[in-house]
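Asker:
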Amino acid sequence: MPWLKFMAATRSRSGFNMNEIANYIAVDTIEEAAETLAAGPVTVLAGGTDLMLQTEAGTRSYAATLMNIRRVAELRGVGLEDGSLTIGALTTVSDLLADPIIGAHCPILAETADQFASPQIRNMASIGGNICNASPAGDLLVPLIALGAEVALVSKADGALHSRRMPVEEFVIGPGASKLGDTEILTFVHIPSQDGAAGAFRKFGPRPALEIAIAAVAVTGRIEDGKFAHMRVAFGAVAPTPVRGRAVEAALEDKPATDETINAALAATDADISPIDDVRASAWYRRHLIRTLTQEILADVFRA
Amino acid sequence: MSSELEISFILNGQARSLIVAPSAVALSVLRDDFDLTAAKKACGEGECGACTIIVDGASVCSCILYAADLDGRNVQTVEGLDAGDTLDPVQAAFIETGAVQCGYCTPGMVMQIKHLLAENPDPDEAAIRRGLEGNICRCTGYSKIIDAVKSAAITMRAG
Ligand SMILES: Cc1cc2nc3c(=O)[nH]c(=O)nc-3n(C[C@H](O)[C@H](O)[C@H](O)COP(=O)(O)OP(=O)(O)OC[C@H]3O[C@@H](n4cnc5c(N)ncnc54)[C@H](O)[C@@H]3O)c2cc1C
Ligand code: FES
Ligand code: FES
Chain A
105 MPWLKFMAAT
115 RSRSGFNMNE
125 IANYIAVDTI
135 EEAAETLAAG
145 PVTVLAGGTD
155 LMLQTEAGTR
165 SYAATLMNIR
175 RVAELRGVGL
185 EDGSLTIGAL
195 TTVSDLLADP
205 IIGAHCPILA
215 ETADQFASPQ
225 IRNMASIGGN
235 ICNASPAGDL
245 LVPLIALGAE
255 VALVSKADGA
265 LHSRRMPVEE
275 FVIGPGASKL
285 GDTEILTFVH
295 IPSQDGAAGA
305 FRKFGPRPAL
315 EIAIAAVAVT
325 GRIEDGKFAH
335 MRVAFGAVAP
345 TPVRGRAVEA
355 ALEDKPATDE
365 TINAALAATD
375 ADISPIDDVR
385 ASAWYRRHLI
395 RTLTQEILAD
405 VFRA
Chain B
208 MSSELEISFI
218 LNGQARSLIV
228 APSAVALSVL
238 RDDFDLTAAK
248 KACGEGECGA
258 CTIIVDGASV
268 CSCILYAADL
278 DGRNVQTVEG
288 LDAGDTLDPV
298 QAAFIETGAV
308 QCGYCTPGMV
318 MQIKHLLAEN
328 PDPDEAAIRR
338 GLEGNICRCT
348 GYSKIIDAVK
358 SAAITMRAG
């Protein structure tokens with residue numbers, strides 16, 4: 105009776121023996137998520153594109169409870185208030201690419217989303233997962249640092265929800281490491297008003313799609329009275345975390361938008377980054393790429 | 208102690224339920240429990256698109272999707288595309304243009320093309336190439352596959 109196996113309560117043939125998860129819970133609200141975390145230890149599942157690969161490869165093991173947050177409706181979507189954006193942690197990379205608010209107020213995020221993985225991965229991957237995974241090459245982290253974005257982290261203790269905010273730049277502290285507490289969930293990403301600033305993101309890998317960046321650059325700011333103003337710069341894949349380009353910012357800020365200024369800014373990139381040699385690229389090549397991508401953005405986008 | 212959970216979802220138009228381990232992979236469940244073997248495991252890492260299925264209207268790599276996440280969703284695989292003797296326009300276009308060589312990438316290609324044409328019914332060649340950037344054909348039959356997308360798009364727009 106082949107149809108019998110499709111009746112309710114049939115057990116799957118796969119996956120049970122490797123399963124060290126004692127509890128699985130799919131939560132519906134932020135509060136429920138925070139309560140589950142408080143009762144911890146918990147592994148949080150969003151899109152699963154990092155988690156599945158890391159657990160299958162054995163580089164990461166599950167906590168006793170696997171908590172799926174994908175059904176927390178309040179965590180998906182983009183809001184706009186007085187020019188500031190609030191992006192739910194579960195907003196997918198595809199959402200960022202298509203969202204009209206992002207397109208109008210923060211196009212650099214759409215531009216980054218467009219260079220992210222492939223359509224299928226963009227449909228699965230969440231912004232919160234990209235931030236919490238804290239990869240040195242995490243694409244979204246780079247523009248988020250340049251934009252001055254902050255994350256909201258929520259936990260529950262003594263019967264009340266607690267929320268704290270911190271810049272993305274401070275949140276990521278090392279490869280795969282962040283300031284996320286064991287009982288915290290990342291709920292929202294806040295992006296301050298960009299006031300019409302221009303911006304661009306460029307990443308480089310051997311092929312255009314499905315590539316982990318070997319160098320990435322994001323720049324935001326504008327040209328006022330012929331001078332670079334409000335410049336913010338961030339680099340990816342050239343340090344233990346994506347980093348702010350403070351030396352480059354200083355070389356640009358309030359200086360005339362000339363080749364001379366751009367050349368000084370390019371010379372300053374070395375001070376901001378600490379790339380390593382690895383299987384994907386040498387440190388020398390990464391330094392070269394950072395200069396090239398920065399030059400492209402400053403010359404093509406800001407002076408075009 | 209290990210847990211299990213019951214998932215219920217719509218699979219190619221029919222209600223299904225199954226008890227799975229929380230860490231079970233959607234692709235294995237489709238292939239091993241539901242005998243839907245169109246979606247293939249090739250890389251198992253989200254890189255090649257051979258395992259592409261459509262969940263709630265979005266194409267995803269089922270090899271890195273948690274089966275637990277299928278709960279409550281509407282899932283489509285190639286097996287659900289044809290209506291009896293009538294092939295889906297994308298399937299028909301693959302035959303007409305000769306877009307199949309060994310066929311290993313084909314089910315994933317077809318599902319990704321369904322997603323692409325649902326989002327953009329009239330893609331130009333650049334949009335087709337971008338739309339298929341997550342699908343690898345080891346036989347490298349890309350030109351014919353792109354022809355198939357163009358042909359399917361015309362058929363589907365005609366109605
Ligand atoms: C084929 C492939 C290509 C890829 N290409 C790219 C690329 O081009 N650029 C790039 O940057 N990345 C890429 N990635 C990596 C990955 O897709 C991204 O990092 C993605 O954004 C992760 O999101 P997710 O929702 O899938 O996270 P998950 O895998 O669900 O979670 C990632 C981590 O964050 C934690 N977490 C998730 N959400 C929260 C939350 N709200 N609160 C607290 N903790 C949370 C999880 O516990 C886990 O540790 C790729 C991955 C694959 C498989
Ligand atoms: S098998 Fe899933 S993407 Fe390759
Ligand atoms: S037809 Fe053989 S892999 Fe594409």
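For the record, the sequence lines run as chains A and B.
Residue numbers 105 to 408, in this note's numbering, belong to the letters of the first sequence in order.
Residue numbers 208 to 366, in this note's numbering, belong to the letters of the second sequence in order.
Here a beta-carbon is modelled for each residue, glycine too, at the ideal position from N, C-alpha and C.
Small disclaimer: the values here were computed from a predicted structure and weren't measured.
Kindly provide the ranges of any alpha helix (DSSP H) runs that are 4 or more residues long and lie completely inside the stretch 155 to 184 of chain A, ordered along the chain.
Answerer: With a minimum length of 4 residues, the continuous alpha helix (DSSP H) runs that stay inside the stretch 155 to 184 of chain A are 155 to 160.
Asker: Give the residues whose C-beta lies closer than 5 Å to at least one heavy atom of ligand 3, in chain order.
Answerer: This selection yields B:308, B:309, B:311, B:312, B:344, B:345, B:346.
Asker: Per DSSP, what are the beta-bridge partners of residue 294 of chain A in this structure?
Answerer: According to DSSP, which records beta bridges pairwise, residue 294 of chain A is partnered with A:190, A:254.
Asker: Can you pull the chain A neighbours of residue 229 of chain B, defined as C-beta to C-beta under 7 Å?
Answerer: Within chain A, the residues near residue 229 of chain B are 123, 125, 128, 170.
Asker: For the alpha helix (DSSP H) that contains residue 359 of chain B, what are its first and last residues?
Answerer: From DSSP, the alpha helix (DSSP H) with residue 359 of chain B extends over 349 to 365.
Asker: Buried or exposed for residue 356 of chain A, going by 16 or more other Cβ atoms inside 10 Å?
Answerer: By the 10 Å Cβ count, residue 356 of chain A comes out buried.
Asker: Could you please give the first and the last residue of the uninterrupted beta strand (DSSP E) stretch that includes residue 219 of chain A?
Answerer: From DSSP, residue 219 of chain A is part of no beta strand (DSSP E); its letter is neither H nor E.
Asker: With DSSP run on the structure shown, which of helix, strand or coil describes residue 290 of chain B?
Answerer: Three-state result, residue 290 of chain B: strand.
Asker: Taking beta-carbon pairs under 8 Å, can you tell me which members of the stretch 212 to 228 of chain A lie near chain B?
Answerer: If the cut-off is 8 Å between Cβ atoms, the stretch 212 to 228 of chain A has 221, 222, 223, 224, 225, 227, 228 near chain B.
Asker: Let me check understanding here. Comparing Cα to Cα, which of A:117, A:143, A:174 lies closest to residue 130 of chain A?
Answerer: Nearest C-alpha to residue 130 of chain A: A:174.
Asker: Under 8 Å, do residue 326 of chain A and residue 302 of chain A count as touching if we go by C-beta distance?
Answerer: Cβ distance < 8 Å, so residue 326 of chain A and residue 302 of chain A count as in contact.
Asker: Using the beta carbon as the reference atom, which residues fall closer than 7 Å to any heavy atom of ligand 2, ordered along the chain?
Answerer: Going by the Cβ distance cut-off, the answer is B:234, B:247, B:248, B:249, B:250, B:251, B:252, B:253, B:254, B:255, B:256, B:257, B:258, B:268, B:269, B:270, B:271.
Asker: Since residue 288 of chain A and residue 271 of chain A are thought to touch, with beta carbons under 8 Å apart, how far apart are those beta carbons, to the nearest angstrom?
Answerer: With a Cβ gap of about 16 Å, residue 288 of chain A and residue 271 of chain A do not count as contacting.
Asker: Is residue 220 of chain A near ligand 1, judged by its Cβ being under 7 Å from some heavy atom?
Answerer: Yes, the Cβ of residue 220 of chain A comes within 7 Å of a heavy atom of ligand 1.
Asker: In three-state terms, what does DSSP make of residue 218 of chain B?
Answerer: DSSP places residue 218 of chain B in strand when its eight states are reduced to three.
Asker: What are the residues that DSSP puts in a beta bridge with residue 196 of chain A?
Answerer: Note: residue 196 of chain A sits in a beta bridge opposite A:230.
Asker: I think residue 324 of chain B touches residue 359 of chain B, with their Cβ atoms under 8 Å apart; what is that distance to the nearest whole Å?
Answerer: Yes, residue 324 of chain B and residue 359 of chain B are in contact; Cβ-Cβ is about 7 Å, under 8 Å.
Asker: By how many angstroms is the C-alpha of residue 338 of chain A removed from the C-alpha of residue 359 of chain A?
Answerer: Cα to Cα, residue 359 of chain A sits roughly 19 Å from residue 338 of chain A.
Asker: If I measure Cβ to Cβ from residue 128 of chain A and keep anything under 6 Å in the same chain, skipping five residues before and after, which residues do I get?
Answerer: Result list for residue 128 of chain A: 170, in chain order.
Asker: Is it the case that the Cβ atoms of residue 318 of chain A and residue 384 of chain A are separated by a distance below 8 Å?
Answerer: Yes, the Cβ-Cβ distance between residue 318 of chain A and residue 384 of chain A is below 8 Å.
Asker: In the DSSP output, which residue or residues are listed as bridge partners for residue 210 of chain B?
Answerer: Paired residue(s): none; residue 210 of chain B is not in a bridge.
Asker: Using a Cβ-Cβ distance under 8 Å, would residue 119 of chain A count as near chain B?
Answerer: Yes, because at least one Cβ of chain B sits closer than 8 Å to the Cβ of residue 119 of chain A.
Asker: Is residue 311 of chain B helix, strand or coil by DSSP?
Answerer: DSSP places residue 311 of chain B in coil when its eight states are reduced to three.
Asker: Return yes when at least one heavy atom of ligand 1 lies under 7 Å from the C-beta of residue 236 of chain A, else no.
Answerer: Within the cutoff, so yes.
Asker: What would DSSP say about residue 257 of chain B, mapped onto helix, strand or coil?
Answerer: If DSSP states are grouped into helix, strand and coil, residue 257 of chain B belongs with coil.
Asker: With 7 Å as the limit, tell me which residues of the stretch 247 to 268 of chain B have their beta carbon closer than that to any beta carbon of chain A; keep them in chain order.
Answerer: Within the stretch 247 to 268 of chain B, the qualifying residues are 252, 253, 254, 256, 259, 265, 266, 267, 268.
Asker: So with Cβ pairs under 8 Å, would you call residue 332 of chain B a contact of chain A?
Answerer: No, residue 332 of chain B lies away from the interface with chain A (no Cβ there is under 8 Å from its Cβ).
Asker: Helix, strand or coil: which one does DSSP assign to residue 365 of chain A?
Answerer: Of the three classes helix, strand and coil, the one that applies to residue 365 of chain A here is helix, per DSSP.
Asker: Between residue 149 of chain A and chain B, is there a C-beta pair that is closer than 8 Å?
Answerer: It does: the Cβ of residue 149 of chain A has a partner Cβ on chain B nearer than 8 Å.
Asker: Who are the neighbours of residue 159 of chain A on chain B, taking C-beta pairs under 9 Å?
Answerer: Neighbours of residue 159 of chain A on chain B, chain order: 230.
Asker: Any Cβ of chain B within less than 8 Å of the Cβ of residue 156 of chain A?
Answerer: True, the Cβ-Cβ gap to chain B drops below 8 Å.
Asker: Does the distance from the CB of residue 263 of chain A to the CB of residue 153 of chain A come in under 8 Å?
Answerer: No. Outside cutoff.
Asker: Taking only three categories from DSSP, how would you classify residue 106 of chain A?
Answerer: With a pLDDT of only 41 at residue 106 of chain A, under 50, the local geometry of the prediction cannot be trusted, and the value read off the model is given with reservation. If DSSP states are grouped into helix, strand and coil, residue 106 of chain A belongs with the helices.
Asker: For residue 296 of chain A, count the other beta carbons within 10 Å of its own beta carbon; 16 or more makes it buried, fewer makes it exposed. Which is it?
Answerer: Its Cβ having fewer than 16 others within 10 Å, residue 296 of chain A is exposed.
Asker: When every heavy atom of ligand 1 is checked, does at least one fall within less than 7 Å of the C-beta of residue 347 of chain A?
Answerer: Checking the Cβ of residue 347 of chain A against ligand 1 gives no.
Asker: What residue range does the beta strand (DSSP E) around residue 271 of chain A cover?
Answerer: Start and end: 264 to 271.
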